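*Asks:*
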Amino acid sequence: LEASATEGFAESKKCGGTGSSFQFVGTFIESPSEGQDFELKVITSKLLGAVYAGDAKGETVGGALYPMATKEHSLEHMREHAHLRPRTGVHAAAMRVRHAMAYATHKFFHDHGFLYIHTPIVTCADCEGAGEQFAVTTMLGTDPHKTGVELTKYKEPEPVEVKELSKKEQKRLAKKAAKGKPKQESIKPEEVKVPGAVDYSTDFFAKRANLTVSGQLNVETHACALSDVYTFGPTFRAENSHTTRHLCEFWMIEPEIAFADLEMDINLAEDYLKYCVEYALEVCADDLEFFEKSKHGEEGLRDRLRNVLENPFKRLTYTEAIDILAKAQKEGAGFETEPVWGIDLPSEHERYLCEKIFKKPVVLTNYPKEIKAFYMKLDDDGKTVSAADILVPKIGEIIGGSQREHRKDILVERCIEMGLDPKYVWWYIDLRKYGTVPHAGFGLGFERLILFITGLDNIRDVIPFPRWPGNAEF
Numbered sequence: 312l313e314a315s316a317t318e319g320f321a322e323s324k325k326c327g328g329t330g331s332s333f334q335f336v337g338t339f340i341e342s343p344s345e346g347q348d349f350e351l352k353v354i355t356s357k358l359l360g361a362v363y364a365g366d367a368k369g370e371t372v373g374g375a376l377y378p379m380a381t382k383e384h385s386l387e388h389m390r391e392h393a394h395l396r397p398r399t400g401v402h403a404a405a406m407r408v409r410h411a412m413a414y415a416t417h418k419f420f421h422d423h424g425f426l427y428i429h430t431p432i433v434t435c436a437d438c439e440g441a442g443e444q445f446a447v448t449t450m451l452g453t454d455p456h457k458t459g460v461e462l463t464k465y466k467e468p469e470p471v472e473v474k475e476l477s478k479k480e481q482k483r484l485a486k487k488a489a490k491g492k493p494k495q496e497s498i499k500p501e502e503v504k505v506p507g508a509v510d511y512s513t514d515f516f517a518k519r520a521n522l523t524v525s526g527q528l529n530v531e532t533h534a535c536a537l538s539d540v541y542t543f544g545p546t547f548r549a550e551n552s553h554t555t556r557h558l559c560e561f562w563m564i565e566p567e568i569a570f571a572d573l574e575m576d577i578n579l580a581e582d583y584l585k586y587c588v589e590y591a592l593e594v595c596a597d598d599l600e601f602f603e604k605s606k607h608g609e610e611g612l613r614d615r616l617r618n619v620l621e622n623p624f625k626r627l628t629y630t631e632a633i634d635i636l637a638k639a640q641k642e643g644a645g646f647e648t649e650p651v652w653g654i655d656l657p658s659e660h661e662r663y664l665c666e667k668i669f670k671k672p673v674v675l676t677n678y679p680k681e682i683k684a685f686y687m688k689l690d691d692d693g694k695t696v697s698a699a700d701i702l703v704p705k706i707g708e709i710i711g712g713s714q715r716e717h718r719k720d721i722l723v724e725r726c727i728e729m730g731l732d733p734k735y736v737w738w739y740i741d742l743r744k745y746g747t748v749p750h751a752g753f754g755l756g757f758e759r760l761i762l763f764i765t766g767l768d769n770i771r772d773v774i775p776f777p778r779w780p781g782n783a784e785f
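To convert, count from 1 in the sequence shown and add 311; that's this note's numbering.
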């Protein structure tokens with residue numbers, strides 16, 4: 312822009328600085344400056360949006376109080392201004408990669424003949440059985456400042472006067488019962504009325520409802536009819552965790568394949584992960600280079616991603632992994648958690664296997680049944696289940712999957728073993744009752760995939776508006 316040659320120059324100069332927007336009309340010319348091939352010689356300039364950050368009220372043009380000034384900000388500062396952080400290079404690049412991975416996901420499954428199924432967000436089931444769910448209710452009303460809100464609760468039952476029946480009446484009732492059909496026990500859970508507990512029968516859904524922790528159980532219903540399907544949507548967990556790997560609201564990709572065993576499930580997961588990595592290297596090349604050079608990113612990022620493509624994933628059992636870790640511990644690995652058979656492997660163990668031992672993604676299979684979900688197929692040894700976790704460098708577990716237990720009697724037994732009343736998943740058991748099919752599937756946390764691709768360290772930086780305990784701003 313030139314004061315003497317550009318129409319609207321004076322008005323545009325009063326823009327307030329970084330953050331303002333313009334409409335330019337001009338001509339592209341070769342640039343005499345170093346570092347750029349072309350520049351725009353502006354003929355007319357129109358100021359579209361000025362920055363009013365000259366004072367606290369936002370009434371004065373200027374950039375003194377603009378939260379996203381040209382200086383480099385910390386990621387924590389950007390999170391505090393999540394509504395403005397899309398204007399920063401780091402977040403903008405992360406969102407472009409996120410978009411590309413979402414597109415790659417849909418394209419991969421579409422090209423492989425999968426159907427995209429929308430599973431419910433509000434549910435009365437707890438897929439993982441962990442109980443860390445957010446309740447959905449209208450019983451608190453719409454006014455957050457209303458006082459004296461009382462929840463409907465079950466009352467003590469009124470005492471019932473029992474009249475003694477005559478012998479004649481007793482004989483009549485006994486004769487009637489003998490002729491009648493035996494009463495079948497309901498497969499659905501019965502309402503338990505505990506005096507003093509909340510009576511959800513008066514709530515919107517007439518029972519306690521929650522935000523879903525997984526769409527897996529629901530999508531399995533369609534796999535048993537339509538063959539290969541997947542769901543990709545938001546999930547929620549009320550887990551009081553503040554680590555760099557946990558969010559309260561996150562997105563899950565959960566495919567389910569019919570007529571499949573664990574090996575087929577692992578093959579699909581490896582193919583999918585490699586497809587996403589290859590797509591990112593091709594389509595997001597500029598952003599990956601940016602992350603590689605950014606202080607918030609990771610040096611050698613693209614080499615790490617290429618390593619995923621160039622090598623088959625190492626496959627071994629959970630038991631074999633424990634033996635390797637135990638040996639490493641004896642040789643001075645210094646793990647905080649002792650690697651013994653039966654534990655749920657912490658991130659330090661998972662990353663050690665990927666980064667120190669095999670130096671590539673690792674697939675662990677056949678986990679102890681006590682640390683895995685009720686729906687995973689019981690192995691012949693009766694001690695382990697046909698589960699598989701894919702571990703990758705930098706992240707640890709990125710995919711968790713299994714062959715599902717398609718045998719009705721064993722599924723019911725596993726429910727009871729895990730402390731889950733089978734009646735609460737009656738419809739899931741029905742899939743085995745009314746013509747079953749062996750099937751398998753896995754789940755991938757989408758935000759962990761973006762962490763893996765971008766090299767960023769905190770999961771709060773790869774989702775537009777992160778939710779964690781104590782924070783649901785914006």
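Glycine is no exception: its CB is placed at the ideal position from the N, C-alpha and C atoms.
A quick note: this is a predicted structure, and the numbers were derived from the prediction, not measured.
(1) Taking the C-alpha atoms as reference points, what is the distance between Pro679 and Arg715?
(2) Between the beta-carbon of Val408 and the beta-carbon of Cys595, is there less than 8 Å?
(3) Measuring straight from C-alpha to C-alpha, what distance separates Ser512 and Ile668?
(4) Drop a sphere of 10 angstroms on the beta-carbon of Trp652, count the other beta-carbons inside from all chains shown, and report buried for 16 or more, exposed for fewer.
(5) If you draw a straight line from the alpha carbon of Phe339 to that of Val353, how long is it in whole angstroms?
(6) Roughly how many whole angstroms lie between the Cα atoms of Arg548 and Asn782?
(7) Is Pro545 near the ligand ATP - that is, is its Cβ less than 7 Å away from at least one heavy atom of it?
(8) Rounded to whole angstroms, what is the Cα-Cα separation between His429 and Glu567?
(9) Take every Cβ of the stretch 562 to 577, pair it with every Cβ of the stretch 380 to 393, and state whether three or more of those distances are shorter than 8 Å.
(10) Return the Cβ separation of Gly526 and Glu565 in integer angstroms, given the expectation that the two are a contact with Cβ distance under 8 Å.
(11) Does the stretch 532 to 540 come within contact of the stretch 414 to 426, defined as at least 3 CB pairs closer than 8 Å?
(12) In the structure shown, what three-state DSSP assignment does Asn677 receive?
(13) State the beta-bridge partners of Leu426 as determined by DSSP.
(14) Compute the distance between the beta-carbons of Thr555 and Asp768, then report whether it is under 8 Å.
(15) Within the continuous alpha helix (DSSP H) that includes Arg725, where are the two ends?
(16) Starting from Gln334, follow its DSSP beta bridges and name the residues at the other end.
(17) Helix, strand or coil: how does DSSP classify Ile654 here?
(18) Should Tyr583 and Asp510 be called a contact, given that it needs their Cβ atoms to be closer than 8 Å?
(19) With distances taken from CA atoms, which of Phe685, Glu593, Glu603 and Gly754 is nearest Ile721?
(20) Thinking just about the alpha-carbon of each residue, which of Lys325, Phe320, Gly752 and Ser342 is nearest to the one in Phe335?
(21) With 16 as the cutoff for other CB atoms within 10 Å, does Asp772 come out buried or exposed?
(22) Give me the Cβ distance between His557 and Ile770, rounded to the nearest whole Å; I'm assuming they're in contact under 8 Å.
(23) Can you name the start and end residues of the alpha helix (DSSP H) that Gln481 belongs to?
(24) So within the stretch 544 to 608, which uninterrupted beta strand (DSSP E) runs reach at least 3 residues, ignoring any that extend past its ends?
(25) Since Gly608 contacts Thr765 with CB under 8 Å, what's their CB separation in whole angstroms?
(26) For Val447, which of Leu522, Glu784, Ala569 and Ile774 has the nearest alpha-carbon?
(27) Specify the secondary structure class of Asn769 as computed by DSSP and reduced to three states.
(28) Determine, using beta carbons only, whether Lys625 and Lys671 come nearer to each other than 8 Å.
(29) State yes or no: is the C-beta of Ala415 within less than 8 Å of the C-beta of Tyr590?
(30) Near Ile761, what residues of its chain come up, given a Cβ to Cβ distance below 7 Å and the 5 sequence neighbours on each side ignored?
(31) Under a three-way DSSP split, which group does Glu716 fall into?
(32) Going by CA-CA distance only, name the one from Glu350, Gly337, Gly373 and Phe349 that's closest to Gly330.
(33) Figure out for me which residue from His717, Gly752, Val471 and Gly754 has the closest Cα to the Cα of Lys744.
(34) Consult DSSP for Tyr686 and reduce its assignment to one of helix, strand or coil.
(35) Just curious, the beta strand (DSSP E) that Ile701 is in, first and last residue?
(36) Measuring alpha carbon to alpha carbon, tell me which of Arg617, Phe570, Leu579 and Lys604 ends up nearest Glu593.
*Replies:* According to the structure shown:
(1) If you take the alpha carbons of Pro679 and Arg715, they lie about 15 Å apart.
(2) Taking 8 Å as the cut-off, the beta carbon of Val408 is found closer than this to the beta carbon of Cys595.
(3) Looking at the two C-alpha atoms, the distance is approximately 55 Å.
(4) Classification of Trp652: exposed, given that the 10 Å Cβ count is below 16.
(5) Phe339 and Val353 have their alpha carbons spaced roughly 9 Å apart.
(6) Looking at the two C-alpha atoms, the distance is approximately 14 Å.
(7) This structure lacks the ligand ATP, and indeed carries no ligand of any kind.
(8) C-alpha of His429 to C-alpha of Glu567: approximately 13 Å in a straight line.
(9) Touching, no.
(10) Confirmed, about 6 Å.
(11) In this structure the stretch 532 to 540 touches the stretch 414 to 426; the number of beta carbon pairs closer than 8 Å is three or more.
(12) Correct three-state label for Asn677: strand.
(13) BP columns for Leu426 point to Val540.
(14) It is a contact, given that the beta carbons lie within the stated cut-off.
(15) Start and end: Lys719 to Glu728.
(16) For Gln334, which the question treats as bridged, DSSP gives the partners Lys357.
(17) It is coil, neither helix nor strand.
(18) No, they are not a contact pair.
(19) Residue Phe685 is the option with its Cα nearest to Ile721.
(20) Ranked by Cα distance from Phe335, the options Lys325, Phe320, Gly752 and Ser342 are led by Phe320.
(21) Looking at its Cβ environment, which holds 16 or more other Cβ atoms inside 10 Å, Asp772 is buried.
(22) About 7 Å separates the beta carbons of His557 and Ile770, which is inside the 8 Å limit, making them a contact pair.
(23) Note, Gln481: alpha helix (DSSP H), Lys478 to Lys490.
(24) Qualifying beta strand (DSSP E) stretches, in chain order: 560 to 569.
(25) That belief holds up - the Cβ atoms of Gly608 and Thr765 are roughly 7 Å apart, short of 8 Å.
(26) It is Leu522.
(27) Asn769: coil per DSSP, three-state reduction.
(28) Judged by their CB atoms, Lys625 and Lys671 are nearer to each other than the 8 Å cut-off.
(29) In contact: Ala415 and Tyr590 (Cβ atoms closer than 8 Å).
(30) Counting only Cβ-Cβ distances below 7 Å, and skipping sequence neighbours, we find Ala405, Val408, Arg409, Met412 and Val773.
(31) DSSP places Glu716 in coil when its eight states are reduced to three.
(32) Gly330 has its Cα closest to that of Gly373, out of Glu350, Gly337, Gly373 and Phe349.
(33) The shortest C-alpha separation from Lys744 is found at His717.
(34) The DSSP-derived three-state label of Tyr686 is coil.
(35) Looking at the DSSP string, the run of the beta strand (DSSP E) that includes Ile701 is Thr695 to Val703.
(36) The residue with the shortest Cα to Cα distance from Glu593 is Arg617.
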